[in-house]
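S.K.:
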Amino acid sequence: MNSNITTNLPLTIAKFGGTSVADYDAMMRCANIIKNDTSNRLVVVSASAGVTNHLVRLGQSDVSLAEQADIISQIKAIQLNITQHFSADIERALNTEIESLLEALSVLALAQSKQYNLQHSDAILSFGEQLSSRIFAQVLRVADVAGEYFNVQEVMKTNSLFGKAVVDVAQLRELCQSELAPKLVNKVIVTQGFIGQDAQGNTTTLGRGGSDYSAALLAEALSGTNLAIWTDVVGIFTTDPRITDQARSIAEISFGEAAEMATFGAKILHPATLIPAMRCNIPVFVGSSKEPEKGGTQIKKKVDSNPTYRSIALRREQTLVTVKSPAMLHASGFLANVFAILAKHELSVDLITTSEISVALTFDNPVGSTQSQITSAVVEELEQLCEVSVEHGLSLVAVIGNGLTRAKGIGQSIFDTLNDINVRLICHGASANNLCFLVNEADANTTVEKLHKALFA
Ligand code: ADP
Ligand code: ASP
Ligand code: MG
149 MNSNITTNLP
159 LTIAKFGGTS
169 VADYDAMMRC
179 ANIIKNDTSN
189 RLVVVSASAG
199 VTNHLVRLGQ
209 SDVSLAEQAD
219 IISQIKAIQL
229 NITQHFSADI
239 ERALNTEIES
249 LLEALSVLAL
259 AQSKQYNLQH
269 SDAILSFGEQ
279 LSSRIFAQVL
289 RVADVAGEYF
299 NVQEVMKTNS
309 LFGKAVVDVA
319 QLRELCQSEL
329 APKLVNKVIV
339 TQGFIGQDAQ
349 GNTTTLGRGG
359 SDYSAALLAE
369 ALSGTNLAIW
379 TDVVGIFTTD
389 PRITDQARSI
399 AEISFGEAAE
409 MATFGAKILH
419 PATLIPAMRC
429 NIPVFVGSSK
439 EPEKGGTQIK
449 KKVDSNPTYR
459 SIALRREQTL
469 VTVKSPAMLH
479 ASGFLANVFA
489 ILAKHELSVD
499 LITTSEISVA
509 LTFDNPVGST
519 QSQITSAVVE
529 ELEQLCEVSV
539 EHGLSLVAVI
549 GNGLTRAKGI
559 GQSIFDTLND
569 INVRLICHGA
579 SANNLCFLVN
589 EADANTTVEK
599 LHKALFA
């Protein structure tokens with residue numbers, strides 16, 4: 149087995165998602181997972197289920213004082229429901245810490261309601277992980293594991309792009325080696341996913357669902373031997389098991405395939421999670437903290453089988469922008485102008501199709517964002533060049549697999565099944581690993597169910 153460069157011992161970075169740290173019993177199951185494998189020496193936790201959603205609301209501009217108080221008391225209830233299981237002394241000490249964090253949170257919420265800014269928003273969002281990591285370190289100690297809290301902001305330095313901050317990977321590696329690695333020798337360190345700190349000392353966040361990515365970055369920085377993502381399902385499935393009960397867990401999947409799934413909306417992994425793992429060839433395990441004995445999915449560089457169809461991913465709330473101009477006919481430079489506008493607004497395009505005088509482009513709506521990325525300012529600028537139409541209420545379906553551009557009959561297998569569904573746009577050919585198309589939001593689940601039946605039955 150590989151070993152990490154600092155301690156010469158195998159090092160697994162274990163990440164537990166929101167449902168895994170939702171209550172005391174769930175946290176205790178995670179503690180047992182840590183206890184049963186001594187290579188688990190760094191634990192990365194998400195906020196307890198529901199807490200980040202409360203914090204998103206708390207950080208908005210239109211929250212009344214009464215609502216602020218109500219949200220904070222709901223968060224408090226979630227956390228005290230866990231600490232009540234500790235002995236009286238521990239409960240008291242931990243509750244004092246929780247109270248003072250919540251006090252700081254209410255000061256921030258008040259400041260935010262007086263003058264909204266993104267900086268406050270991120271500071272507010274960070275409280276879920278700050279709370280759960282303190283509580284989980286204590287749960288470990290109750291389970292007889294030498295758990296110790298560590299503030300990830302000491303090492304996770306980012307730029308100041310609040311809400312989707314970019315991590316300084318070189319600095320993370322340096323700081324992990326000097327500040328974190330020595331602590332891993334005889335302790336199990338518990339730290340926060342999702343949050344970081346900019347050069348001015350402000351709290352930043354990496355985007356919703358970002359704890360997976362934090363854990364992968366830490367695994368890379370510490371030259372970890374394994375990354376384990378513990379969640380509420382027994383691995384990565386052929387499609388979201390919430391859409392069809394026919395979905396089944398995949399035993400082994402390549403980095404590339406899993407990265408495509410994450411990119412195209414499989415919520416099981418944050419889209420960037422596999423980037424650090426691939427850079428350093430760190431195998432990733434995905435399993436259920438509720439049923440660890442059932443195993444899960446191994447994600448690695450090379451796998452034994454490369455089936456034509458591996459999975460179906462679904463991403464909701466997509467925006468389709470069609471730009472049309474007769475000037476495009478036999479002309480050059482039109483697309484460059486369109487893309488210059490999109491780049492200026494920092495918009496990233498997903499799918500593109502073109503015809504003689506029009507181009508259709510799709511855009512994601514990042515999870516948790518309340519408004520479309522295609523603002524009126526973007527539309528107005530595009531309208532200087534061409535006619536613009538914007539459609540919402542669409543879902544992107546991605547069929548993920550291997551050799552999709554080489555295999556015969558792909559189109560027939562996929563679209564014959566969907567003959568009663570309005571397929572709005574199709575993208576195929578750029579990658580051998582996916583075929584993507586848009587359908588109306590109302591048809592999304594049926595589309596996935598039908599396709600799954602046809603391709604995976
Ligand atoms: P966590 O809080 O542990 O990070 P998430 O809710 O972010 O958990 O991700 C787990 C969920 O991802 C599952 O409950 C499942 O509904 C959803 N999901 C979407 N696509 C897939 C897939 N292909 N395989 C497994 N789960 C998926
Ligand atoms: N707590 C954050 C969220 O809900 C990050 C995470 O869970 O990964 O988005
Ligand atoms: Mg998640």
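Following our numbering, the numbering of the sequence shown begins with 149 at its first residue and continues without gaps.
We put the CB at the ideal spot given by N, CA and C, even for glycine.
These figures come from a predicted structure and were not determined experimentally.
With C-beta atoms as the reference, is THR351 less than 8 Å away from SER274?
M.R.: For this step, residue 351 is matched to residue 203 along the sequence shown. For this step, residue 274 is matched to residue 126 along the sequence shown. Against a cut-off of 8 Å, the Cβ pair of SER274 and THR351 comes out as a contact.
S.K.: The alpha helix (DSSP H) spanning ARG427 covers which residue range?
M.R.: Numbered from 1 along the sequence shown, position 279 holds the residue referred to as residue 427. Segment 422–428, the alpha helix (DSSP H) holding ARG427.
S.K.: Less than 7 Å between C-beta atoms, sequence neighbours within five positions excluded: which residues of the same chain meet that for ILE182?
M.R.: Within the sequence shown, the letter at position 34 stands for residue 182. Excluding positions up to five away in sequence, the list reads ALA162, ASN188, VAL191, LEU288, VAL293, VAL336.
S.K.: What residues in its chain sit with their C-beta under 6 Å from that of GLY541, if we drop five residues either side in the sequence?
M.R.: The residue labelled residue 541 in the question sits at position 393 within the sequence shown. Cβ neighbours of GLY541 beyond the five flanking positions: GLU589.
S.K.: Cα separation between ALA252 and SER221?
M.R.: Taking the first residue of the sequence shown as 1, we reach residue 252 at position 104. Taking the first residue of the sequence shown as 1, we reach residue 221 at position 73. Spanning the two alpha carbons is a distance of roughly 14 Å.
S.K.: With a 10 Å radius around its C-beta and 16 neighbouring C-beta atoms as the bar for buried, classify CYS428 as buried or exposed.
M.R.: Position 280 of the sequence shown, counting from 1, holds the residue named residue 428. Result: exposed.
S.K.: Using the beta-carbon count (16 or more within 10 Å), is THR306 buried or exposed?
M.R.: For the purposes of this step, residue 306 is taken as residue 158 along the sequence shown, with counting starting at 1. By the neighbour-count rule (16 or more Cβ atoms within 10 Å), THR306 is buried.
S.K.: How would you write the range of the alpha helix (DSSP H) that ALA285 sits in, first residue to last?
M.R.: Against the sequence shown, residue 285 aligns to sequence position 137. Unbroken alpha helix (DSSP H) run through ALA285: 275–290.
S.K.: Going by DSSP, name the residue or residues bridged to LYS472.
M.R.: Position 324 of the sequence shown, counted from the start, is the residue given in the question as residue 472. Per DSSP, SER506, GLU535.
S.K.: Return the CA-CA distance between PHE403 and ALA420, expressed in angstroms with no decimal places.
M.R.: Here residue 403 corresponds to residue number 255 of the sequence shown, with the count starting at 1. Here residue 420 corresponds to residue number 272 of the sequence shown, with the count starting at 1. Answer to the nearest angstrom: the Cα atoms are 12 Å apart.
S.K.: Could you give the distance in angstroms between the alpha-carbon of VAL527 and the alpha-carbon of SER326?
M.R.: If you number the sequence shown from 1, residue 527 lands on position 379. If you number the sequence shown from 1, residue 326 lands on position 178. Approximately 48 Å between the Cα atoms of the pair.
S.K.: Heavy atom of the ligand MG less than 7 Å from the Cβ of ASP360, yes or no?
M.R.: Working through the sequence shown from its first residue, we reach residue 360 at position 212. Within the cutoff, so yes.
S.K.: I'd like the span of the beta strand (DSSP E) that includes ILE161, first residue to last.
M.R.: Here residue 161 corresponds to residue number 13 of the sequence shown, with the count starting at 1. Its beta strand (DSSP E) spans residues 160–164.
S.K.: Compute the Euclidean distance between the alpha carbons of GLY295 and GLN286, then round it to the nearest angstrom.
M.R.: To locate residue 295, count along the sequence shown from 1; it is residue 147. To locate residue 286, count along the sequence shown from 1; it is residue 138. So the two alpha carbons sit approximately 7 Å from each other.
S.K.: Excluding five sequence neighbours on each side, which residues of the same chain lie with their C-beta closer than 6 Å to the C-beta of ARG458?
M.R.: Indexing the sequence shown from 1 puts residue 458 at position 310. If we look at ARG458 and ignore the five residues flanking it on each side, its Cβ neighbours are GLU405, ILE548, GLY549.
S.K.: Are the beta-carbon atoms of LEU468 and THR510 separated by less than 8 Å?
M.R.: Here residue 468 refers to the residue found at position 320 when the sequence shown is read from its first residue. Here residue 510 refers to the residue found at position 362 when the sequence shown is read from its first residue. Yes, these two residues count as a Cβ contact at 8 Å.
S.K.: I'd like the span of the alpha helix (DSSP H) that includes TYR172, first residue to last.
M.R.: Mapped onto the sequence shown, residue 172 falls at position 24. Element bounds for TYR172: 172–184.
S.K.: Sorry if obvious, but does the Cβ on VAL545 come closer than 7 Å to a heavy atom of the ligand SAH?
M.R.: Annotation note on the ligand SAH: not contained in the displayed structure, which lists the ligand ADP, the ligand ASP and the ligand MG as its ligands.
S.K.: Looking at the ligand ASP, does it come within less than 7 Å of VAL269, judged from the CB to the closest heavy atom?
M.R.: In the sequence shown, the residue the question calls residue 269 occupies position 121. Correcting the residue type first, residue 269 is Ser in the shown sequence and not Val. No, the Cβ of SER269 stays beyond 7 Å of every heavy atom of the ligand ASP.
S.K.: Just mark GLU441 as buried or exposed, buried being the case when its beta carbon has 16 or more other beta carbons within 10 Å.
M.R.: Counting from 1 along the sequence shown, the entry for residue 441 is found at position 293. By the 10 Å Cβ count, GLU441 comes out exposed.
S.K.: Give the DSSP bridge partners of HIS478, in chain order.
M.R.: Taking the first residue of the sequence shown as 1, we reach residue 478 at position 330. The partner list for HIS478 (beta bridge, DSSP) is empty, contrary to what the question assumes.
S.K.: Just reading off the beta strand (DSSP E) that ASN588 is part of, what are its end residues?
M.R.: Translated into positions along the sequence shown, residue 588 becomes position 440. Segment 582–588, the beta strand (DSSP E) holding ASN588.
S.K.: Going by DSSP in three states, GLU322 sits in which element: helix, strand or coil?
M.R.: Mapped onto the sequence shown, residue 322 falls at position 174. Helix.
S.K.: Go ahead and label THR244 buried or exposed: buried means 16 or more other beta carbons lie within 10 angstroms of its beta carbon, across all protein chains shown.
M.R.: Indexing the sequence shown from 1 puts residue 244 at position 96. When all chains shown are included, THR244 counts as exposed.
S.K.: Tell me whether GLU368 is buried or exposed, calling it buried when 16 or more other Cβ atoms sit within 10 Å of its Cβ.
M.R.: For the purposes of this step, residue 368 is identified with residue 220 of the sequence shown, where counting begins at 1. Buried.
S.K.: Can you give me the Cβ contacts of ARG321 inside the same chain, cut-off strictly under 7 Å, excluding the 5 residues immediately before and after it?
M.R.: Here residue 321 refers to the residue found at position 173 when the sequence shown is read from its first residue. Correct list, in chain order: ALA369.
S.K.: Buried or exposed for ARG356, please, with buried defined as at least 16 other CB atoms from any protein chain shown within 10 angstroms of its CB.
M.R.: Residue numbering aside, residue 356 sits at position 208 when the sequence shown is read from its first letter. So ARG356 counts as buried.
S.K.: Which of the three DSSP states, helix, strand or coil, is assigned to TYR264?
M.R.: Position 116 of the sequence shown, counting from 1, holds the residue named residue 264. Note: TYR264 maps to coil in three-state DSSP.
S.K.: Kindly indicate the opening and closing residues of the alpha helix (DSSP H) around LYS224.
M.R.: The residue you call residue 224 lines up with position 76 of the sequence shown. Residues 213–231.
S.K.: Using only CA atoms, which one of LEU332, ALA602, ASP185 lies nearest to GLY559?
M.R.: Position 411 of the sequence shown, counted from the start, is the residue given in the question as residue 559. Selected option, being the one with the closest Cα: ALA602.
S.K.: So, is ARG554 buried or exposed, given that buried needs 16 or more other C-beta atoms within 10 angstroms?
M.R.: Within the sequence shown, residue 554 is the residue found at index 406, counting from 1. Looking at its Cβ environment, which holds fewer than 16 other Cβ atoms inside 10 Å, ARG554 is exposed.
S.K.: For LEU206, tell me which candidate among ALA313, LEU258, ASP171 has the shortest Cα-Cα distance.
M.R.: Stepping through the sequence shown from its first residue, residue 206 is reached at position 58. The option with the nearest alpha carbon to LEU206 is LEU258.
S.K.: Among residues of its own chain, excluding the 5 on either side of LYS598, which ones have a beta-carbon nearer than 6 Å to its beta-carbon?
M.R.: The residue you call residue 598 lines up with position 450 of the sequence shown. Taken in chain order, the residues that qualify are THR565.
S.K.: Assuming LYS415 and PRO431 are in contact, meaning their beta carbons sit under 8 Å apart, how far apart are those beta carbons, in whole angstroms?
M.R.: As a first step, residue 415 must be located in the sequence shown, where it is residue number 267. As a first step, residue 431 must be located in the sequence shown, where it is residue number 283. Between PRO431 and LYS415 the Cβ distance is about 21 Å, and since that is not below 8 Å, they are no contact.
S.K.: With distances taken between CB atoms, is the gap from GLN227 to SER196 smaller than 8 Å?
M.R.: The count along the sequence shown starts at 1 and reaches residue 227 at position 79. The count along the sequence shown starts at 1 and reaches residue 196 at position 48. Contact: yes.
S.K.: Tell whether a beta-carbon distance below 8 Å holds between VAL596 and THR387.
M.R.: Position 448 of the sequence shown holds residue 596. Position 239 of the sequence shown holds residue 387. Result yes, Cβ atoms of VAL596 and THR387 sit closer than 8 Å.
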